[in-house]
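For the record, the sequence lines run as chains R, E, B and D.
Residue numbers for the first sequence, in my numbering: 1 to 237.
Residue numbers for the second sequence, in my numbering: 1001 to 1237.
Residue numbers for the third sequence, in my numbering: 2001 to 2237.
Residue numbers for the fourth sequence, in my numbering: 3001 to 3237.
Ideal placement from N, C-alpha and C gives every residue a C-beta, glycine not left out.
Bear in mind the structure is a predicted one, so any value in this text is a computation, not a measurement.
Just below is one structure, and these are the notes that go with it.
Protein chains: 4
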Amino acid sequence: MADSTPANPTATDPAAAWRGRRRRQDHGTKRDAVIRTAARAFDERGYHNTSLDDIAAALGVTKPTIYYYVANKEQLLFECFLAGLEPIRAALRRAEQTPGSGRDRLREVIHDYAVAIASEYGWCMVRAEHQDLGAELGAQVRSLKSEIDRAIRRLLQGGINDGSIAVTDPKLAAFAIAGALNWIAHWYRAGRTLTADEVATALVQFLDHGLAPREPRAGKPLPATARVRRTRSAARA
Amino acid sequence: MADSTPANPTATDPAAAWRGRRRRQDHGTKRDAVIRTAARAFDERGYHNTSLDDIAAALGVTKPTIYYYVANKEQLLFECFLAGLEPIRAALRRAEQTPGSGRDRLREVIHDYAVAIASEYGWCMVRAEHQDLGAELGAQVRSLKSEIDRAIRRLLQGGINDGSIAVTDPKLAAFAIAGALNWIAHWYRAGRTLTADEVATALVQFLDHGLAPREPRAGKPLPATARVRRTRSAARA
Amino acid sequence: MADSTPANPTATDPAAAWRGRRRRQDHGTKRDAVIRTAARAFDERGYHNTSLDDIAAALGVTKPTIYYYVANKEQLLFECFLAGLEPIRAALRRAEQTPGSGRDRLREVIHDYAVAIASEYGWCMVRAEHQDLGAELGAQVRSLKSEIDRAIRRLLQGGINDGSIAVTDPKLAAFAIAGALNWIAHWYRAGRTLTADEVATALVQFLDHGLAPREPRAGKPLPATARVRRTRSAARA
Amino acid sequence: MADSTPANPTATDPAAAWRGRRRRQDHGTKRDAVIRTAARAFDERGYHNTSLDDIAAALGVTKPTIYYYVANKEQLLFECFLAGLEPIRAALRRAEQTPGSGRDRLREVIHDYAVAIASEYGWCMVRAEHQDLGAELGAQVRSLKSEIDRAIRRLLQGGINDGSIAVTDPKLAAFAIAGALNWIAHWYRAGRTLTADEVATALVQFLDHGLAPREPRAGKPLPATARVRRTRSAARA
DNA sequence: TATGAATGAGTATTCATTCAT
DNA sequence: GATGAATGAATACTCATTCAT
């Protein structure tokens, strides 16, 4: 699912996966193309308003072909979810291995989380209904989501403990943060005014300070270096 | 749609609207019952996984009866949306006529907005897909939603102007706030640990200050009186 | 069903039957209004595309009211059929009591038949499907229609016997004549260029001579007096 | 749609198209079978009294299969119409390229038209209601029908000009002729006493001369050769 | 690998009809 | 006489899924 190779034609045009003619290894590429195309279609039309025929058509393939790559529609949605979730989990793993105040580490996570939600998989992660996944996969999704929720609460608690964060109710704060970030999937469209990175940065700032005017010496500016790593290929996608 | 009468049996058990035997005037009550029941069903199972038969069954009525009260399923979803939206619009109207700093007024709105989203109509307002409403109603919903977005931005700007609010990007701040609040529809279940009012209050606080530790004298405590009006019947619904 | 009274407001505006307030006798008038309105609706939209609600709406009445006047929708179509058929049967009765050559008498019948088909009941007589009437009424209609068919064949045969008519196959000739006349229900709209009487006269002429050029002395002109009785109120309706 | 091959089993038993096992190319045959079966069902029970399940059952297939071949029920009716219309249009094309008096050419057309109406598509061409086709297809049908009407009027006018035809009003004559022929769809059942060709011939004769006794030398007999081409496979169908 | 063809199951919607008032 | 409210039954249409090729 990773398309870190910047020059990956199937990332922007998944249907291209069926045009090239290099036999071997194609399977993975094609499967990714199926999933990515599904994610886009779900995002545009919603899960139930997207038929497998729609997805097949977008891929320039026929419906049964999709079944060659995924077991069924449910599975397809699940894969979209996983694909989108991975960068968030990576960010959390990174945060756990990074030194720094709870607040700084949380800010990092928030930023990367925001970028992930702004991806084409945002819809599948945020707006897809658990009921559409059936008992089995639905439970898996729920579990993955709550794992993330717990990780964020853990970061919050860490910040509270080290004095870098002050929130009264970490559980609700986690929900608020998640909400503000997940909501990106509702309004953000890539290619318009803002890049994913800009959105992420602005949200970090808002969630960091809230509405209240900053006191003179508060909020020592985020060390510039910390932001350098950003600007991944996905950021502008 | 208003169920200000605290002792309204059909608010908790809409099917009751068909059990009483006072013929006339029932029409409005019954229609409300249909809409409320639909909202609950959509919330539980999602729009597409809820058949009109499900709703009819929940009401103890047959399917065509639903068509006696609303034109079609789309319309039904739309009515749920409107029913849920009304308290938010009322809160905004109230805010516009209330004196006070932009920040105080926005806090009020945030609180009431949160309570509204925690209602049984939350799902319909937040999670329903515009595509499911068709061009006509979809556009109406979009327009109503953007009206609210603009109102919030206006409050933010007011606060920025009067110095009570400090956000760099009011547009993104509005999205963040809306997201944090709308997300309630994803996780809140009435009747569990928290009341809607508690959730609302906690979110107000978080959005007010963000993660940053409060500086000594900052955030003069919200005058206690301001919170008095709260605790409406809906708050615990 | 007869609206020979020229000044009958309910003939052109059946809904008027519910506006007047003369209690007694109204029943018949209202029933006629129901039937006439149904006939018009069936003509415009077809039987299956016309709901009883449509008819009720056209009458400014509610659906159950219709059931006060007719047993059911089938019955309603049947009544329309009967209403339209009556003038044709009258014409046939008249022909049987009229002296003259078979050809002259048939011409009379053709004329009146044409006018009847051009009425608002034309559709119900010609285009309604027997299956829509159910076994019982369907059989009645079939029987009435075949009665008319037989009467026409009898007239033809009379003409053949008295030498005024020359057709090889009276059965097929009867079908051809009926077809030419019934077809009026497909194309004729009252109030446009032609009156029913003009159409009738033209068809009489065509069926009388066919395509073949008339021989010098053939077709002694129809005595002018014979045409006088024409021009009934219905003719222009 | 052409079943020129006399030994085409699917012409009489469309369901046979699903029994053979020659995969490829069947598509067209099967589609024809669907249309032909629909035409028969509509003829027997009427459009609205025929469910797609009925048609599917007659084909020994399930309902969705029908949707594999046609877009919807409307479309199905339209295809029946087209299938039936084709021979008529062919006849008109032939007439335009044939020398001879207007009257002779019209007689040819009348004959072929009659045979076409006597086919299993007769009902769809003549009795189907335009409203059942929706705006789009309804307009197409209307246009095709009026094209035929105009062609007949043109033939009439040609005959009038060359003196072979004498009708006062070509427009009404065209309606009368069309009516006499279309009416076949109401009364003719294949396989009973008369063949389609016999009916056609009789109607040609009647329309040619009308009721009036033939004058001694009028109506030079139709050259026998002209009738030779007749007797196509469809004639008895 | 991919597809043409088929189907089972489901669902929104319509409407004639009934009946208590 | 008339109506508001309700319902049973029917039906077009969709779509995920399968399978032989």
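Quick check: what's the CA-CA separation for residue 1190(E) versus residue 1183(E)? One-based indexing of the second sequence puts residue 1190(E) at position 190. One-based indexing of the second sequence puts residue 1183(E) at position 183. Residue 1190(E) and residue 1183(E) have their C-alpha atoms some 14 Å from each other.
Residues in its own chain within less than 8 Å of residue 1062(E) by CB, not counting five upstream and five downstream? For the purposes of this step, residue 1062(E) is taken as residue 62 along the second sequence, with counting starting at 1. Result list for residue 1062(E): 1056, in chain order.
Should residue 3048(D) be flagged as near chain B, meaning a C-beta pair shorter than 8 Å? Within the fourth sequence, the letter at position 48 stands for residue 3048(D). It does; some Cβ of chain B falls within 8 Å.
7 Å Cβ cut-off: residues of chain R touching residue 1209(E): Counting from 1 along the second sequence, the entry for residue 1209(E) is found at position 209. Within 7 Å Cβ-Cβ: 210 and 212.
Which same chain residues end up closer than 7 Å to residue 133(R) when comparing Cβ atoms and leaving out the 5 residues on each side of it in sequence? As a first step, residue 133(R) is located in the first sequence; it is residue number 133 there, counting from the start. Cβ neighbours of residue 133(R) beyond the five flanking positions: 74, 77, 78 and 141.
With residue 32(R) as the anchor, note down where its alpha helix (DSSP H) starts and where it stops. Numbered from its first residue, the first sequence carries residue 32(R) at position 32. That run of the alpha helix (DSSP H) goes 26 to 45.
For residue 1104(E), the three-state DSSP class (helix, strand or coil): Counting from one through the second sequence, the residue named residue 1104(E) turns up at place 104. Helix, per DSSP.
Taking one C-beta from the region 10 to 18 of chain R and one from the region 1088 to 1101 of chain E each time, how about it: are there three or more such pairs within less than 8 Å? no
If the cut is a Cβ gap below 9 Å, which residues of chain B does residue 3018(D) touch? Position 18 of the fourth sequence, counting from 1, holds the residue named residue 3018(D). Ordered by position in chain B, no residue passes the 9 Å Cβ test against residue 3018(D), which lies about 27 Å from the chain.
Give a yes or no on whether the C-beta atoms belonging to residue 122(R) and residue 185(R) are separated by under 8 Å. Taking the first residue of the first sequence as position 1, residue 122(R) is located at position 122. Taking the first residue of the first sequence as position 1, residue 185(R) is located at position 185. Yes, the Cβ-Cβ distance between residue 122(R) and residue 185(R) is below 8 Å.
Cutoff 8 Å: residue 2141(B) Cβ touching any chain D Cβ: As a first step, residue 2141(B) is located in the third sequence; it is residue number 141 there, counting from the start. With 8 Å as the cut-off, residue 2141(B) does not count as an interface residue toward chain D.
Given residue 1170(E) as reference, the closest of 1106(E), 1033(E) and 1064(E) once Cα atoms are compared: Here residue 1170(E) corresponds to residue number 170 of the second sequence, with the count starting at 1. Taking only the C-alpha atoms, the option nearest residue 1170(E) is 1106(E).
Between the alpha carbons of residue 29(R) and residue 80(R), how many angstroms are there, rounded? As a first step, residue 29(R) is located in the first sequence; it is residue number 29 there, counting from the start. As a first step, residue 80(R) is located in the first sequence; it is residue number 80 there, counting from the start. Going by the C-alpha atoms only, they are around 14 Å apart.
Assess, as a yes-or-no matter, whether the region 109 to 119 of chain R is touched by the region 195 to 208 of chain R under the definition of 3 or more beta carbon pairs within less than 8 Å. yes
Please report the straight-line C-alpha distance between residue 47(R) and residue 1050(E), rounded to a whole angstrom. Start at 1 with the first residue of the first sequence, and residue 47(R) comes out as number 47. Start at 1 with the first residue of the second sequence, and residue 1050(E) comes out as number 50. Those two C-alpha atoms are separated by around 14 Å.
Residues in the region 1161 to 1193 of chain E having any Cβ partner in chain R nearer than 8 Å: 1163, 1164, 1165, 1166, 1167, 1168, 1169, 1172, 1173, 1175, 1176, 1177, 1178, 1179, 1180, 1181, 1182, 1183, 1184, 1186 and 1187
For residue 203(R), return the contacting residues in chain E, with the cut-off set at a CB-CB distance below 7 Å. By 1-based counting over the first sequence, the position of residue 203(R) is 203. Residues of chain E passing the Cβ test: 1172 and 1176.
Go through its chain and collect everything with a Cβ distance to residue 1014(E)'s Cβ below 7 Å, but skip five positions before and after it. Against the second sequence, residue 1014(E) aligns to sequence position 14. Excluding residues up to 5 positions away in sequence, 1033, 1036, 1037 and 1059 lie with their Cβ nearer than 7 Å to the Cβ of residue 1014(E) in the same chain.
C-beta neighbour in chain E for residue 40(R), strict 8 Å: In the first sequence, counting from the first residue as 1, residue 40(R) sits at position 40. Not one chain E Cβ lies under 8 Å of residue 40(R).
Using CA atoms only, rank isn't needed, just tell me which of 2098(B), 2149(B), 2166(B) and 2117(B) is closest to residue 2039(B). The count along the third sequence starts at 1 and reaches residue 2039(B) at position 39. Comparing Cα positions, the closest option is 2117(B).
For residue 143(R), does the count of other Cβ atoms within 10 angstroms reach 16, so buried, or fall short, so exposed? Residue numbering aside, residue 143(R) sits at position 143 when the first sequence is read from its first letter. Exposed, because fewer than 16 other Cβ atoms sit within 10 Å of the Cβ of residue 143(R).
I want to verify the contact list: residues of chain D whose CB lies under 9 Å from the CB of residue 2075(B), in sequence order. What you label residue 2075(B) is simply residue 75 of the third sequence in a count that begins at 1. Here the premise fails: no neighbours, minimum Cβ distance about 17 Å.
What residue from 3153(D), 3150(D), 3163(D) and 3208(D) has the CA that sits closest to residue 2168(B)'s CA? Sequence index remark: in the third sequence, residue 2168(B) carries index 168 (1-based). In terms of Cα proximity to residue 2168(B), the closest of 3153(D), 3150(D), 3163(D) and 3208(D) is 3208(D).
Please confirm if residue 3103(D) has its CB atom under 8 Å from at least one CB of chain B. Position 103 of the fourth sequence, counted from the start, is the residue given in the question as residue 3103(D). Judged by the 8 Å Cβ criterion, residue 3103(D) is in contact with chain B.
Roughly how many angstroms lie between the CA atoms of residue 3072(D) and residue 3065(D), to the nearest whole one? To locate residue 3072(D), count along the fourth sequence from 1; it is residue 72. To locate residue 3065(D), count along the fourth sequence from 1; it is residue 65. Going from the Cα of residue 3072(D) to the Cα of residue 3065(D) covers about 11 Å.
Where does residue 2079(B) fall in DSSP's three states? Indexing the third sequence from 1 puts residue 2079(B) at position 79. The answer is helix: DSSP assigns residue 2079(B) an H, G or I state.
Helix, strand or coil for residue 2165(B) per DSSP? If you number the third sequence from 1, residue 2165(B) lands on position 165. Here residue 2165(B) sits in coil by DSSP.
What residues of chain B sit near residue 3159(D), judged by a beta carbon separation below 9 Å? The residue labelled residue 3159(D) in the question sits at position 159 within the fourth sequence. Going along chain B in sequence order, the residues near residue 3159(D) (Cβ under 9 Å) are 2211.
Less than 7 Å between C-beta atoms, sequence neighbours within five positions excluded: which residues of the same chain meet that for residue 1085(E)? Locating residue 1085(E) in the second sequence gives position 85, where the first residue counts as 1. Its chain contains 1125 and 1144 as the residues whose beta carbon lies nearer than 7 Å to that of residue 1085(E), once the 5 sequence neighbours on both sides are disregarded; these appear in chain order.
Taking only three categories from DSSP, how would you classify residue 2051(B)? Start at 1 with the first residue of the third sequence, and residue 2051(B) comes out as number 51. Coil, per DSSP.
Output the distance between the C-alpha atoms of residue 3151(D) and residue 3088(D), rounded to the nearest integer angstrom. Indexing the fourth sequence from 1 puts residue 3151(D) at position 151. Indexing the fourth sequence from 1 puts residue 3088(D) at position 88. So the alpha carbons of these two residues sit roughly 11 Å apart.
Which residues in chain E sit within 9 Å of residue 199(R), going by Cβ to Cβ distance? Start at 1 with the first residue of the first sequence, and residue 199(R) comes out as number 199. Under the 9 Å cutoff, chain E gives 1172 and 1175.
Let me confirm a value: residue 1097(E) is counted as buried when at least 16 other C-beta atoms fall within 10 Å, else exposed. Which label applies? Translated into the one-based positions of the second sequence, residue 1097(E) becomes position 97. Exposed is the call here.
By the criterion of Cβ-Cβ separation under 8 Å, what are the contact partners of residue 3131(D) in chain B? On the fourth sequence, position 131 is the one that residue 3131(D) refers to. The CB of residue 3131(D) comes closer than 8 Å to the CB of 2045, 2046 and 2049 in chain B, given here in chain order.
Could you check whether the Cβ of residue 3081(D) sits closer than 8 Å to any Cβ belonging to chain B? Here residue 3081(D) corresponds to residue number 81 of the fourth sequence, with the count starting at 1. Residue 3081(D) does not count as touching chain B.
Leaving out five residues on either side along the sequence, give the residues of the same chain with a beta carbon under 8 Å from the beta carbon of residue 166(R). Position 166 of the first sequence, counted from the start, is the residue given in the question as residue 166(R). Taken in chain order, the residues that qualify are 160.
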